[in-house]
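When we follow the numbering used here, the leftmost residue of the sequence shown carries the number 5, and every step to the right adds one. Scroll down for the structure; my scribbles are underneath it.
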Amino acid sequence: MISWLRRLLGQDRPPPHPVPAWEPEPPPPQQRSEAEIDAVEVALNGLIAAGLRLGPHYEGMDRRAVARAMAEHPEFAVGDSNETLPLTEHSSDALSIGILWSYRALADAIEDEFANAAIFEDHCYDGADEETYRALFARLIDLAGAWTDRGVTVSRVPGLGAYGHGFRVAFETQPPIPPLTFPADKNFDWSLLERLDACRPVAETRRFRVAADGGAGLVLFLDDTEARAIAARLGWGPDDL
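In structure tokens form, the structure reads like this:
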């Protein structure tokens with residue numbers, strides 16, 4: 005009797021099958037001609053000759069394959085107004101910017117697209133927690149490759165800045181980096197890179213450079229000669245901010 009009442013009231017029905025989460029299908033790769041791949045490969049070779057180093061996930065791939073992967077990616081960016089034109093109609097500096105300031109890195113969350121250049125979403129730190137800053141500084145240290153990194157820890161410091169608190173970042177590196185303390189803010193303060201630069205190994209000639217800052221920050225780790233060569237490829241310099 006009780007079982008019959010439960011079935012009548014709907015309390016003994018099997019649970020509904022879970023509805024699978026809908027995920028949009030990724031856009032298909034761009035259809036690029038061999039001439040377009042040629043153009044990207046030339047720009048890529050120029051950047052590498054200037055000092056850009058590809059990330060480890062490209063290890064074992066020949067340069068042509070890397071250029072093809074970049075050019076055919078749906079998020080390959082070569083400018084705001086001319087993206088529908090064939091890549092052969094873009095200038096070499098536009099293609100170089102498209103490679104270096106690549107929204108592929110944001111779209112795929114590839115943090116090692118390049119070994120010494122990375123995009124940081126620098127306008128998303130309003131209310132950021134300790135882990136956000138820990139990941140940011142750990143990535144900067146890895147980007148430089150000038151230190152042996154054994155870990156980065158971040159702790160909250162009350163009474164700093166407009167938000168009423170800040171953060172203390174401690175590094176376990178060799179050579180050592182003194183702790184950094186800074187107030188919380190909406191935008192990451194890129195001047196903190198100068199404090200990291202001050203701790204570089206004596207023989208290290210490269211340093212951090214912010215190459216662009218417009219909704220996201222493009223940070224490179226280059227020496228002066230490499231920075232000038234990259235600037236020649238892009239038409240503007242990594243230190244033009």
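Backbone N, C-alpha and C define an ideal beta-carbon position, used for all residues, glycine too. The model shown is predicted, which means the values in this text are computed figures rather than measured ones.
Which residues mark the beginning and the end of the beta strand (DSSP E) in which residue i is found?
i	result
residue 174	169–178
residue 202	Counting along the chain, residue 202 falls outside any beta strand (DSSP E), and DSSP gives it neither H nor E.
residue 185	184–187
residue 124	121–124
Classify residue i as buried or exposed, calling it buried when 16 or more other Cβ atoms lie within 10 Å of its own Cβ.
i	result
residue 61	exposed
residue 89	exposed
residue 155	exposed
residue 2	This structure leaves residue 2 out entirely; the chain is present only between 5 and 245.
residue 213	buried
residue 86	Its pLDDT being 48, under 50, residue 86 is placed unreliably in this model, and the value from its coordinates should be taken loosely. The residue is exposed, with fewer than 16 neighbouring Cβ atoms inside 10 Å.
residue 74	buried
residue 69	exposed
residue 36	buried
residue 242	buried
residue 170	buried
residue 20	Any reading at residue 20 needs caution, since the residue's pLDDT is 44, under 50, leaving its predicted position unreliable; the model's value is listed next. It is exposed - the Cβ of residue 20 has fewer than 16 other Cβ atoms within 10 Å.
residue 67	exposed
residue 231	buried
residue 215	buried
For a quick check, are the C-beta atoms of residue i and residue j less than 7 Å apart?
i	j	result
residue 48	residue 71	yes
residue 226	residue 55	yes
residue 123	residue 235	no
residue 137	residue 161	no
residue 50	residue 117	no
residue 132	residue 208	no
residue 34	residue 63	no
residue 43	residue 91	yes
Which residue marks the beginning of the alpha helix (DSSP H) containing residue i, and which one marks its end?
i	result
residue 157	Looking at the DSSP string, residue 157 is not in any alpha helix (DSSP H); the run it does join, the beta strand (DSSP E), is 152–162.
residue 223	That residue, residue 223, is in no alpha helix (DSSP H); its beta strand (DSSP E) goes 221–226.
residue 139	134–148
Find the nearest neighbour of residue i within the set the options, judged by alpha-carbon distance.
i	options	result
residue 183	200, 167 and 189	200
residue 206	223, 215 and 179	179
residue 194	149, 125, 230 and 204	125
residue 145	120, 161, 159 and 162	120
residue 2	181, 171 and 100	No statement about residue 2 is possible, as the shown extent of the chain runs from 5 to 245 and does not include it.
residue 93	148, 39 and 117	39
residue 238	97, 117 and 221	97
residue 186	176, 197 and 177	197
residue 188	44, 208, 173 and 223	173
residue 129	44, 192 and 41	192
residue 141	223, 163, 77 and 229	223
residue 177	80, 229 and 203	203
residue 79	95, 32, 57 and 52	32
Sequence ranges, alpha helix (DSSP H) only - wholly within the stretch 42–106, length at least 4: For the stretch 42–106, whole alpha helix (DSSP H) runs of length 4 or above, ordered along the chain, are 67–76 and 96–104.
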